[in-house]
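Student:
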Amino acid sequence: MADDLLKKIIAHSKEYGFIFPSSEIYDGLSAVYDYGQNGAELKNNIKQYWWQSMVQLHSNIVGLDAAIFMHPKVWEASGHVGAFNDPLIDNKDSKKRYRADVLIEEFRAKYEAKIAKDVEKAQKKFGEQFDKEQFIATNPNVLRNQAKIDELNARFVKALNDNDLVELRQIIIDNEIACPESGSKNWTEVRQFNLMFDTKLGSVSDTANTIYLRPETAQGIFVNYLNVQKSGRMKIPFGIAQIGKAFRNEIVARQFIFRMREFEQMEMQFFVRPGEEMKWYEYWKEFRIKWHKNLNLGDENYKFHNHDKLAHYANAAVDIEFNFPMGFKEVEGIHSRTDFDLGRHQEFSGKKLQYFDPELNESYVPYVVETSIGVDRMFMTILSAAYKEEVVGETGETRIVLAIPPALAPVKIAILPLVKKDGLPEIADKIFDKLKFHFNVIYEEKDSIGKRYRRQDAIGTPYCITIDHQTKEDNTVTLRHRDSMEQERVSVDELINIAHEKVSMAKLLENLL
Ligand code: GAP
-18 MADDLLKKII AHSKEYGFIF PSSEIYDGLS AVYDYGQNGA ELKNNIKQYW WQSMVQLHSN
42 IVGLDAAIFM HPKVWEASGH VGAFNDPLID NKDSKKRYRA DVLIEEFRAK YEAKIAKDVE
102 KAQKKFGEQF DKEQFIATNP NVLRNQAKID ELNARFVKAL NDNDLVELRQ IIIDNEIACP
162 ESGSKNWTEV RQFNLMFDTK LGSVSDTANT IYLRPETAQG IFVNYLNVQK SGRMKIPFGI
222 AQIGKAFRNE IVARQFIFRM REFEQMEMQF FVRPGEEMKW YEYWKEFRIK WHKNLNLGDE
282 NYKFHNHDKL AHYANAAVDI EFNFPMGFKE VEGIHSRTDF DLGRHQEFSG KKLQYFDPEL
342 NESYVPYVVE TSIGVDRMFM TILSAAYKEE VVGETGETRI VLAIPPALAP VKIAILPLVK
402 KDGLPEIADK IFDKLKFHFN VIYEEKDSIG KRYRRQDAIG TPYCITIDHQ TKEDNTVTLR
462 HRDSMEQERV SVDELINIAH EKVSMAKLLE NLL
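Residue numbers -18 to 494, in my numbering, belong to the letters of the sequence shown in order.
1) So for GLN173, helix, strand or coil by DSSP?
2) How about LYS333 and PHE309: are their beta carbons less than 8 Å apart?
3) May I have the straight-line CA-CA distance separating VAL100 from PHE116, to the nearest angstrom?
4) Could you check what DSSP says for ASN190 in three-state terms: helix, strand or coil?
5) Am I right that GLU245 and ILE224 are in contact with their C-beta atoms under 8 Å? What's the rounded C-beta distance?
6) Measuring alpha carbon to alpha carbon, tell me which residue in ASP414, GLU132 and TYR434 is nearest LEU383.
7) Identify whether GLN451 lies in helix, strand or coil by the three-state DSSP scheme.
8) Determine the extent of the alpha helix (DSSP H) in which ILE27 is found, giving its start and end residues.
9) So, using beta-carbon positions, are ILE536 and PHE50 closer together than 8 Å?
10) Measuring CA to CA, which of ALA128, THR459, ASP464 and ILE477 is closest to VAL471?
11) Let me check you understand the geometry: is the CB of HIS326 closer than 7 Å to at least one non-hydrogen atom of ligand 1?
12) Beta carbon of ILE158, beta carbon of LEU45: below 8 Å?
13) Quick one: what's GLU343 bridged to in DSSP?
14) Please return the same chain residues whose Cβ sits closer than 6 Å to the Cβ of TRP265, not counting the five positions on each side in sequence.
15) Between ASP8 and TRP261, what straight-line distance do the alpha-carbon atoms span, to the nearest angstrom?
16) Do three or more CB pairs link the stretch 50 to 67 to the stretch 129 to 139 at distances below 8 Å?
17) Just the Cα atoms here: how many angstroms apart are ALA487 and ASN304?
18) Taking only three categories from DSSP, how would you classify ILE408?
19) Under 8 Å: do the stretch 71 to 78 and the stretch 245 to 256 share three or more Cβ pairs, one atom per stretch?
20) On the premise that MET249 lies in contact with ILE42, defined as a C-beta separation below 8 Å, what is that separation, rounded to the nearest angstrom?
21) Just the Cα atoms here: how many angstroms apart are GLU467 and ILE394?
22) Return the bridge partner residues of SER472 from the DSSP annotation.
23) Tell me whether SER330, by its Cβ, gets closer than 7 Å to a heavy atom of ligand 1.
24) For ILE217, which option in ASN342, VAL312, LEU291 and ALA97 has the closest C-alpha, if you only look at C-alpha atoms?
25) Please state whether DSSP places LEU69 in a helix, a strand or coil.
26) Three or more C-beta pairs closer than 8 Å, one from the stretch -13 to -6 and one from the stretch 354 to 370: is that the case here?
27) Could you tell me whether the stretch 373 to 391 touches the stretch 428 to 443, where touching means 3 or more Cβ pairs closer than 8 Å?
28) In the stretch 48 to 110, which residue ranges form an unbroken alpha helix (DSSP H) of at least 4 residues, counting only runs that do not cross its ends?
29) Compute every distance between the C-beta of HIS316 and the non-hydrogen atoms of ligand 1, then say whether any falls below 7 Å.
30) To the nearest angstrom, how far is it from the Cα of ILE534 to the Cα of ARG436?
31) Near TRP31, what residues of its chain come up, given a Cβ to Cβ distance below 6 Å and the 5 sequence neighbours on each side ignored?
32) Provide the residue span of the beta strand (DSSP E) that contains ILE158, from first to last.
33) Looking at C-alpha atoms only, which residue of GLY331, SER330 and PRO347 is the closest neighbour of ASP338?
34) Using a beta-carbon distance below 8 Å, is PHE420 in contact with chain D?
35) Closer than 7 Å to a non-hydrogen atom of ligand 1 - does that hold for the CB of PHE244?
36) For THR319, which residues of its own chain have a beta-carbon under 6 Å away from its beta-carbon, when the five flanking residues on both sides are left out?
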């Protein structure tokens, strides 16, 4: 079922110009994708929503656009050369390679799904009187499954924290976890594998010239923090936001744009006084979940998940998980990174990276709270929640509609003359020329009006305007709503105001605060 939905989303994305496999005529490149005409618009709108909500709505946050290539010492200082690894395990029979931690997590998710199913069943049975907490605390099935999860977790978290690869393998063996492809339990040892891509700088190909494609955008912010602070006269607390490409040589590169080798991140580093980081960590947790829920993709589709193992740089970390077709998975991380990164860059560069706090009259290396979200994963949350197949009318005909949040939709309004004659296209042209300065609108005159509506539904256009013979008489048009398919007559002079009210980024941002 979930697999079905994912397949449908992938096919739909290709058919309607959202996402294509990279270099498709050469059979594609694994875990790399290109965004088509509608995908590029949606992606830009996601980035705009993030950028404006972070930079424009916070007077103490500014932007940055750092280069992808950085001095190789950056990645030694950040710990990525030594510790940016995935624990890999191979199945000897299928020859497939997996992340050992992901195999265990997926195994654990099966018990979690069993509990969720029991709860759902009981909820249906007892209706209004259902006490979820009491059920979870007392039901023998749930308790048995929870005990299995707890036992597994205790071992798993310890193995991760101790970097104990032998124990990770043992957990897989003891729980009889099988290769998802072949069902075989014939596993190799677990080995560490560094995820950074490297390349050579300049014409001389020796190891001294090795540089890396950045695996996160955050380091570009850290190494520039004093440049920005001084040139922008920023006072702590302040933030620096950046959107840009990141690269990881992912081994488990599956599930469409969920895990890619080239992807885009939207990251913000918030610099605070040491000791105040937990206050800001809580602030950003709350702000970021609000940002997601403001899109109305369903509040029940989000949950927080505290990290089982903290990254080498963090003293607190939480994921915002979204209910993707393959279950709840991370879309964003909020991390309290302490002074680890700035401290290490200070040490490795030999340059002072302290901030002078005029209120305290002292210098210190700031602590950092980070919010980090993948543009592509965010894109996938929208497709997952927006894709709908609906039966319409008495004929049993189905329509595919993408209920994309209006302000993020690739096309905001389609302008459709009912027929290609009687002066209607000319009126439509005039409306198009007025609206195009404000919104991404399109003009379409080919095919029946019904077919044109369906095409717009399939790319998520929230409104269609139809120009008909009545328009010539009273200067009104039909405004058709994507989600309800209802139609109303509105004056041409009102169109800009209506559109601002219903599809503008400004309205979406206003709802956030
Ligand atoms: N600077 C912190 C950092 O990079 P992360 O949890 O490794 O943290 C942050 O990545 C976000 O980047 C994730 O929540 C996810 O949305 C996105 N991301 C990470 N790896 C990705 C991949 N291979 N493909 C697509 N998005 C990815």
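The beta-carbon is built from N, C-alpha and C at its ideal position, and this holds for glycine as well.
Tutor: For this structure:
1) It is a strand residue.
2) No; because the gap between Cβ atoms is not below 8 Å, this pair is not in contact.
3) Between the alpha carbons of VAL100 and PHE116 lies a gap of roughly 8 Å.
4) The three-state reading of DSSP puts ASN190 in helix, counting H, G and I together.
5) About 7 Å separates the beta carbons of GLU245 and ILE224, which is inside the 8 Å limit, making them a contact pair.
6) Distances from the CA of LEU383 to each of ASP414, GLU132 and TYR434 were compared; the closest alpha carbon is that of TYR434.
7) Three-state DSSP puts GLN451 in a helix.
8) Segment 18 to 32, the alpha helix (DSSP H) holding ILE27.
9) As displayed, the chain neither begins before -18 nor continues past 494, which places residue 536 out of reach and without an answer.
10) Comparing alpha-carbon positions, the option among ALA128, THR459, ASP464 and ILE477 lying closest to VAL471 turns out to be THR459.
11) No; taking the cut-off as 7 Å, the Cβ of HIS326 has no heavy atom of ligand 1 nearer than that.
12) Going by C-beta atoms, ILE158 is not nearer than 8 Å to LEU45.
13) Answer is ASP338.
14) Answer for TRP265: ILE315, VAL350 and THR352, listed in chain order.
15) Roughly 47 Å separates the two Cα atoms.
16) Contact between the stretch 50 to 67 and the stretch 129 to 139 is absent: fewer than three C-beta pairs spanning the two stretches fall below 8 Å.
17) Near 27 Å, if we compare the C-alpha coordinates of ASN304 and ALA487.
18) The answer is helix: DSSP assigns ILE408 an H, G or I state.
19) Here the stretch 71 to 78 makes no contact with the stretch 245 to 256; the two share fewer than three CB pairs at distances below 8 Å.
20) With a Cβ gap of about 7 Å, ILE42 and MET249 count as contacting.
21) Each residue's Cα considered, the two are about 15 Å apart.
22) Partner(s): THR457.
23) It does not: the Cβ of SER330 is nowhere closer than 7 Å to a heavy atom of ligand 1.
24) Of ASN342, VAL312, LEU291 and ALA97, the residue nearest in Cα terms is ASN342.
25) Here LEU69 carries a strand assignment [DSSP, helix/strand/coil].
26) When C-beta atoms of the stretch -13 to -6 are compared with those of the stretch 354 to 370, three or more pairs fall below 8 Å, so the two segments count as touching.
27) Result yes; three or more Cβ-Cβ pairs closer than 8 Å.
28) Correct list: 53 to 58, 61 to 64 and 81 to 107.
29) With a threshold of 7 Å, the Cβ atom of HIS316 counts as near ligand 1, since some heavy atom of the ligand is closer than that.
30) The question about residue 534 has no answer here: the residues shown for the chain are numbered -18 through 494.
31) Once the five neighbours on either side are set aside, the close Cβ partners of TRP31 are MET247.
32) Premise fails: ILE158 is in no beta strand (DSSP E) and is neither H nor E.
33) Comparing Cα positions, the closest option is PRO347.
34) Any reference to chain D falls outside this structure, which holds one protein chain only.
35) Yes - ligand 1 has a heavy atom lying nearer than 7 Å to the Cβ of PHE244.
36) ASN296 and TYR348.
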